[in-house]
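The structure appears right after this line, and notes come after that.
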């Protein structure tokens with residue numbers, strides 16, 4: 152109830168601010184009016200961040216996630232989510248992915264899909280070094296649908312989802328367990344919640360590794376994906392059909 156009341160209050164405050172300063176004042180310099188618009192946009196983004204955090208926490212707390220790995224967790228606090236959003240921003244900036252996956256607020260990479268996502272992270276000591284999310288289908292649809300329609304797949308399965316925002320901070324030395332444990336976490340999420348298939352869009356050069364998982368099917372090959380002008384694929388993964396390789400490498 153607290154979160155609902157807080158979101159309602161933020162919504163009312165946003166409306167009041169917009170009503171008071173959104174109209175340009177003819178007797179003021181253009182630079183002043185521009186500054187007022189920037190204030191509104193920043194305020195909207197702050198409200199969106201608050202809303203996303205509240206909804207993501209609520210969503211993740213409802214998931215069934217049996218887990219014996221102390222370093223692997225679901226994001227269920229605001230501090231966890233801010234750290235995840237910051238890691239996304241830092242890594243995407245380093246690898247020049249910001250054009251395809253831009254920050255909503257400078258230094259924080261999040262979007263509307265986080266509200267209905269299982270957000271996993273891998274943590275060593277107090278530092279989050281890797282993260283991935285499984286976006287559950289909703290009225291927002293799924294992230295890759297800006298490039299490819301999943302309607303045909305919706306007709307085949309009741310509950311579809313998408314893996315995205317897979318991030319590992321490679322600047323941290325002495326690591327390397329993130330890939331294993333994050334995908335073990337995805338497997339646990341799939342097998343303990345009502346998910347029928349997991350989809351993902353990725354560069355074709357990475358496909359060979361994913362096919363070793365077992366239960367992987369290429370739904371479509373694309374000549375490009377958004378701002379990535381390289382061959383890409385849309386794949387589906389059914390973790391109930393994982394290979395002996397996946398069981399040996401990821402589940403033990």
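In the working numbering, the protein residues as written are 152 to 403.
Cβ atoms here follow ideal geometry from the backbone N, Cα and C, with glycine treated the same way.
- prompt: Starting from residue 354 and walking both ways along the beta strand (DSSP E), at which residues does that stretch end?
  reply: Unbroken beta strand (DSSP E) run through residue 354: 348–354.
message: Just list the residues that DSSP pairs residue 273 with in beta bridges.
response: According to DSSP, residue 273 bridges with 223, 281.
- request: Name the two residues that bound the continuous alpha helix (DSSP H) containing residue 330.
  value: In this chain, the alpha helix (DSSP H) harbouring residue 330 covers 329–343.
- prompt: At a cut of 8 Å, does the segment 357–372 reach the segment 389–403 through at least three beta carbon pairs?
  reply: The segment 357–372 vs the segment 389–403: in contact.
Range covered by the alpha helix (DSSP H) that runs through residue 233: Start and end: 229–245.
- prompt: What's the gap between the Cα of residue 268 and the Cα of residue 234?
  reply: Spanning the two alpha carbons is a distance of roughly 16 Å.
- prompt: Does the Cβ of residue 387 have 16 or more other Cβ atoms within 10 Å, making it buried, or fewer, making it exposed?
  reply: It is buried - the Cβ of residue 387 has at least 16 other Cβ atoms within 10 Å.
message: With H, G and I counted as helix, E and B as strand and the rest as coil, what does DSSP make of residue 357?
response: Residue 357: helix per DSSP, three-state reduction.
task: Could you tell me which residues DSSP pairs with residue 370 in its beta bridges?
output: Answer is none; residue 370 lacks a bridge partner.
message: For a quick check, are the C-beta atoms of residue 270 and residue 312 less than 7 Å apart?
response: Pairing residue 270 with residue 312 gives a Cβ-Cβ distance that is not under 7 Å.
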